[in-house]
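Enquirer:
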Amino acid sequence: MYFGFVPFRLCRIEDSRPRSTEAGWNCDLGFSRSWFLWPLTFARICGILNVMRFDKSLIATLREDPKEAESKSHRILLRGGFIKQLASGIHTYLPLGWRVLLKVSNIIREEMDRIGAQEMLMPAISPKELWEESGRWKEYGADMFRLKDRKNREYCLCPTHEEIVADIARSKIRSYRDLPQIWYQMQTKFRDEPRPRSGVLRSRQFIMKDSYSLDCDETGLNRSFELHQQAYEKIFKRCDLAFVAVDASGGLMGAGESKEFMAVVDGGEDLIVLCDQCDYRSNIQVAQGEGQRASLADTPLEPVATPDKRTVGEVTAFLNVAPQNLVKSMFFTAAGKEPALILVRGDYEANEEKIARLLGHGYAPAGAEAITKTFGAQPGYIGPVGIDAIGIYADELLRDAQGMITGANRDGYHITGLALTRDVRVRAYADLRTVKLGDRCTKCGGALKIENALELGHIFKLGTKYSLSLGACYLDEKGVSKPIIMGSYGIGLERIMACACEQKADDRGAVWPVSIAPFDIHLAVLNPHEETVAEMSSETARLLTEAGLSVIIDDRDISAGIKFNDADLIGIPIRLTIGPKGVKTNRFDINLRETGDIFTAERSEVAVRCVETKNLLQRRIDGN
RNA sequence: CGGGGCGUGGCGCAGCGGCUUAGCGCGCAUGGUUUGGGACCAUGAGGUCGUGGGUUCAAAUCCCACCGCCCCGACCA
Numbered sequence: 021m022y023f024g025f026v027p028f029r030l031c032r033i034e035d036s037r038p039r040s041t042e043a044g045w046n047c048d049l050g051f052s053r054s055w056f057l058w059p060l061t062f063a064r065i066c067g068i069l070n071v072m073r074f075d076k077s078l079i080a081t082l083r084e085d086p087k088e089a090e091s092k093s094h095r096i097l098l099r100g101g102f103i104k105q106l107a108s109g110i111h112t113y114l115p116l117g118w119r120v121l122l123k124v125s126n127i128i129r130e131e132m133d134r135i136g137a138q139e140m141l142m143p144a145i146s147p148k149e150l151w152e153e154s155g156r157w158k159e160y161g162a163d164m165f166r167l168k169d170r171k172n173r174e175y176c177l178c179p180t181h182e183e184i185v186a187d188i189a190r191s192k193i194r195s196y197r198d199l200p201q202i203w204y205q206m207q208t209k210f211r212d213e214p215r216p217r218s219g220v221l222r223s224r225q226f227i228m229k230d231s232y233s234l235d236c237d238e239t240g241l242n243r244s245f246e247l248h249q250q251a252y253e254k255i256f257k258r259c260d261l262a263f264v265a266v267d268a269s270g271g272l273m274g275a276g277e278s279k280e281f282m283a284v285v286d287g288g289e290d291l292i293v294l295c296d297q298c299d300y301r302s303n304i305q306v307a308q309g310e311g312q313r314a315s316l317a318d319t320p321l322e323p324v325a326t327p328d329k330r331t332v333g334e335v336t337a338f339l340n341v342a343p344q345n346l347v348k349s350m351f352f353t354a355a356g357k358e359p360a361l362i363l364v365r366g367d368y369e370a371n372e373e374k375i376a377r378l379l380g381h382g383y384a385p386a387g388a389e390a391i392t393k394t395f396g397a398q399p400g401y402i403g404p405v406g407i408d409a410i411g412i413y414a415d416e417l418l419r420d421a422q423g424m425i426t427g428a429n430r431d432g433y434h435i436t437g438l439a440l441t442r443d444v445r446v447r448a449y450a451d452l453r454t455v456k457l458g459d460r461c462t463k464c465g466g467a468l469k470i471e472n473a474l475e476l477g478h479i480f481k482l483g484t485k486y487s488l489s490l491g492a493c494y495l496d497e498k499g500v501s502k503p504i505i506m507g508s509y510g511i512g513l514e515r516i517m518a519c520a521c522e523q524k525a526d527d528r529g530a531v532w533p534v535s536i537a538p539f540d541i542h543l544a545v546l547n548p549h550e551e552t553v554a555e556m557s558s559e560t561a562r563l564l565t566e567a568g569l570s571v572i573i574d575d576r577d578i579s580a581g582i583k584f585n586d587a588d589l590i591g592i593p594i595r596l597t598i599g600p601k602g603v604k605t606n607r608f609d610i611n612l613r614e615t616g617d618i619f620t621a622e623r624s625e626v627a628v629r630c631v632e633t634k635n636l637l638q639r640r641i642d643g644n
């Protein structure tokens with residue numbers, strides 16, 4: 021047989037291998053003795069075996085949609101037998117799903133190694149003391165799974181690993197000569213999410229690639245950050261996902277620069293803002309936009325009765341004005357901090373992230389009781405006029421606005437003719453509103469779009485938050501002790517898998533990109549009990565694996581329709597059909613899952629055509 | 001944590017104004033006929049009706065409590 025088309029390292033192997041299936045296995049493992057087949061051996065080391073027999077495998081496709089699944093990816097992953105839920109937000113990755121995750125993790129591993137990162141594995145469980153040092157034992161609150169050992173010592177199941185990294189760093193890193201470092205792992209993370217949803221998209225136990233950079237200074241951190249950004253772009257491209265990198269908020273992680281890698285997906289939990297003219301992309305939590313100023317004629321302050329009209333919608337309808345003529349007043353409080361009254365125009369929402377940046381973390385909208393107590397009016401009727409004791413912060417769009425309408429601090433009344441500069445003692449103006457559709461880009465004036473997106477990865481410049489609190493320092497050239505500058509970078513592996521379903525699957529099932537497909541070839545054997553069919557299919561399977569392809573063989577003795585439908589559901593990129601018809605004509609059908617293209621190949625060149633087809637599909641991804 | 005929905009063989013569901021052996025479709029097992037887009041016949045196995053308590057001569061069915069799961073929101077990142 022001619023194998024000239026195969027790269028040298030995949031050249032031919034001897035024929036007389038023991039057939040593992042006789043022993044009741046479902047995987048062919050007979051390759052390892054050929055030293056020149058290292059890619060196959062590599063695949064095995066990575067856990068990616070080359071042949072799987074449907075008949076003897078744990079592949080349980082569901083004929084009907086499971087009732088708990090709502091989102092597209094959840095439905096497909098469940099129906100195709102990729103995952104199985106054990107409890108809310110906790111899943112088993114069944115053989116097919118696990119193979120996808122292994123493919124994904126191999127891509128991640130290659131790209132992380134390429135930027136000089138070192139893989140390791142930290143514990144999933146960690147003693148309380150480390151988290152008390154950083155302050156996150158408290159900060160994390162109910163999101164953290166906690167447990168006690170037999171001696172009543174407290175531990176957590178790690179939601180992330182900054183503390184553990186800082187602990188390693190403080191004991192191992194001594195000198196500037198030891199830096200920079202990038203450490204990474206692929207670890208199971210635990211977060212007791214208030215509401216797990218969409219199957220694997222937001223779960224309580226999930227696999228994360230998390231890496232941590234350790235640098236001497238800002239320049240080093242910027243370099244590590246940039247390396248990660250490049251690696252992440254390669255990773256998501258190689259997984260054939262459509263994504264954008266956006267400006268993001270650091271949240272609990274720290275205040276430094278951060279970027280999220282977002283997949284534009286209908287059911288995505290996040291909103292991202294994109295400029296249609298320039299490259300401005302941002303999570304809506306931190307996005308900035310240019311809004312239109314709006315004012316009415318300057319009139320004196322005047323109370324107006326608005327019985328039972330509390331919301332912007334109700335008041336505008338009742339007074340026959342536009343939302344941009346209203347000033348919304350929101351009372352924010354934080355434990356141990358000065359309360360604040362936030363003013364935002366009626367057609368915008370207050371942005372809690374921006375409020376947090378201005379006032380510090382911990383602020384939340386006050387409850388009805390606190391509002392009534394402070395303002396002497398119910399929510400819906402409070403306003404800034406006559407308020408002296410509370411700091412008032414107004415969105416900058418309200419600067420100099422006049423003729424506005426706001427609550428009168430008296431139930432059932434609003435006031436009209438509000439002029440901010442004249443009537444309100446504003447402590448500061450700032451950008452406190454959430455961007456809305458119709459706003460213009462602050463960089464170029466282009467129109468801003470808002471889209472749903474799914475967070476695939478997130479990179480943070482942590483700075484010294486953890487190195488300072490945990491005492492992770494190094495000695496510089498002059499022998500001065502300095503805190504290590506850290507960065508932290510995460511990718512959700514299951515989210516990549518689910519995202520591929522969201523973006524690529526059709527109504528018949530998954531459509532995996534070759535790069536992360538659980539197998540390259542789906543070999544549908546029709547009438548497998550017919551001797552010639554059986555012979556030809558095992559012969560072909562052998563040739564395919566020898567050519568370096570991974571194959572799943574559907575040799576179940578069931579009707580063709582079920583096989584084809586299952587093949588569509590499972591979504592292997594290339595389907596090869598061997599049945600009585602093909603045996604007679606000596607030509608087999610090759611079917612592309614993604615496009616539905618079908619062509620036939622002469623028996624003798626099936627392997628060649630399959631390899632070519634796979635390469636073609638791979639090139640399409642690489643060419644992106 | 002607020003709102004809504006659901007819990008009945010492996011899966012999807014019906015039954016739920018109290019009444020004999022709890023049904024249906026799919027799947028599963030055995031035998032036979034079939035076999036290129038979810039075949040057919042025959043026979044058969046399989047259920048603490050989420051859990052606990054109560055009402056009643058009698059509870060899957062009515063009442064109470066709890067648990068679990070899903071969705072929307074809040075929260076988180």
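Position in the first sequence counted from 1, then plus 20, gives you my numbering.
Built from N, CA and C at the ideal position, the CB exists for glycine as well.
All values reported here derive from a predicted model rather than from experimental measurement.
(1) Whose C-beta lies closer than 6 Å to the C-beta of residue 70 among residues of the same chain, with five residues either side of it excluded?
(2) Go ahead and pull the three-state DSSP assignment for residue 192.
(3) Considering only their Cβ atoms, is the gap separating residue 227 from residue 98 smaller than 8 Å?
(4) Smallest Cα separation from residue 470: which of 509, 301, 89?
(5) Please report the residue range of the beta strand (DSSP E) in which residue 290 lies.
(6) To which residues does DSSP link residue 208 through a beta bridge?
(7) Just confirm the distance between the C-beta atoms of residue 345 and residue 366, as a whole number of angstroms; I'd bet it's less than 8 Å.
(8) What three-state label does DSSP hand residue 562 in the structure shown?
(9) For residue 697, does the count of other Cβ atoms within 10 angstroms reach 16, so buried, or fall short, so exposed?
(10) Please list the terminal residues of the continuous beta strand (DSSP E) segment that includes residue 450.
(11) For residue 25, which residues from the same chain have a beta carbon less than 8 Å from its beta carbon, with the 5 sequence-adjacent residues on both sides left out?
(12) How would you label residue 393, buried or exposed, when you count the other beta carbons within 10 angstroms and need 16 or more for buried?
(13) Excluding the 5 residues flanking residue 229 on each side, which residues of the same chain have their C-beta closer than 6 Å to its C-beta?
(14) Whole angstroms is fine: what's the gap from residue 424's alpha carbon to residue 439's?
(15) Could you tell me which uninterrupted beta strand (DSSP E) segments, each at least 3 residues in length, are contained entirely in the segment 327-400, listed from first to last along the chain?
(16) Using a Cβ-Cβ cut-off of 6 Å (strictly less than) and excluding sequence neighbours within five positions of residue 216, which residues of its own chain qualify?
(17) Go ahead and label residue 500 buried or exposed: buried means 16 or more other beta carbons lie within 10 angstroms of its beta carbon, across all protein chains shown.
(18) What residues match up with residue 529 in a beta bridge as DSSP calls it?
(19) To which residues of the same chain is residue 354 closer than 6 Å at the C-beta, ignoring the five residues directly before and after it?
(20) What residue does the beta strand (DSSP E) around residue 508 start on, and which one ends it?
(21) Please tell me whether residue 404 and residue 349 are closer than 8 Å, where the distance is taken between their beta carbons.
(22) Let me know if residue 82 comes out buried or exposed under the rule of 16 or more other beta-carbons within 10 Å of its beta-carbon.
(23) If we call anything under 8 Å between Cβ atoms a contact, is residue 596 one with residue 516?
(24) Check whether the segment 580-590 touches the segment 529-547, counting contact only when three or more Cβ pairs, one atom from each stretch, lie closer than 8 Å.
(25) Measuring alpha carbon to alpha carbon, tell me which of 238, 281, 240, 158 ends up nearest residue 18.
(26) Less than 7 Å between the CB of residue 484 and some heavy atom of the ligand ADP, yes or no?
(27) Would DSSP call residue 487 helix, strand or coil?
(28) How many Å lie between residue 359 and residue 508 at the Cα?
(29) For the beta strand (DSSP E) containing residue 622, list its first residue and its last residue.
(30) Specify, as a first and last residue, the run of the alpha helix (DSSP H) that residue 165 falls within.
(31) What residue range is occupied by the uninterrupted beta strand (DSSP E) comprising residue 174?
(32) With distances taken Cα to Cα, identify the nearest neighbour of residue 305 among 331, 374, 202, 488.
(33) Can you name, in chain order, every residue of its own chain whose Cβ lies under 8 Å from the Cβ of residue 513, other than the five neighbours on each side?
(34) When the distance is taken between beta carbons, is residue 406 closer than 8 Å to residue 371?
(35) Are the segment 588-608 and the segment 549-561 in contact at 8 Å, needing three or more beta carbon pairs?
(36) So what's residue 521 in DSSP terms, helix, strand or just coil?
Expert: To lay it out plainly:
(1) 565, 570
(2) helix
(3) no
(4) 301
(5) 290-295
(6) 227
(7) 7 Å
(8) helix
(9) No answer is possible for residue 697: it lies beyond the span of the chain, which begins at 21 and ends at 644.
(10) 448-450
(11) Only weak support exists for where residue 25 lies, its pLDDT of 34 falling under 50; the value from the coordinates is given anyway. Cβ neighbours of residue 25 beyond the five flanking positions: 628, 631, 632.
(12) exposed
(13) 128, 206, 511
(14) 7 Å
(15) 347-353, 360-365
(16) 108, 109, 222, 223, 224
(17) exposed
(18) 526
(19) 382, 383
(20) 505-512
(21) yes
(22) exposed
(23) no
(24) yes
(25) Because the chain here runs from 21 to 644, residue 18 falls outside it and cannot be looked at.
(26) Absent from the structure shown: the ligand ADP. Ligands present: none.
(27) helix
(28) 33 Å
(29) 618-622
(30) It is not in any alpha helix (DSSP H) - residue 165 instead sits in the beta strand (DSSP E) that spans 165-168.
(31) 174-177
(32) 374
(33) 121, 124, 125, 128, 206, 226, 227, 228, 229
(34) no
(35) yes
(36) helix
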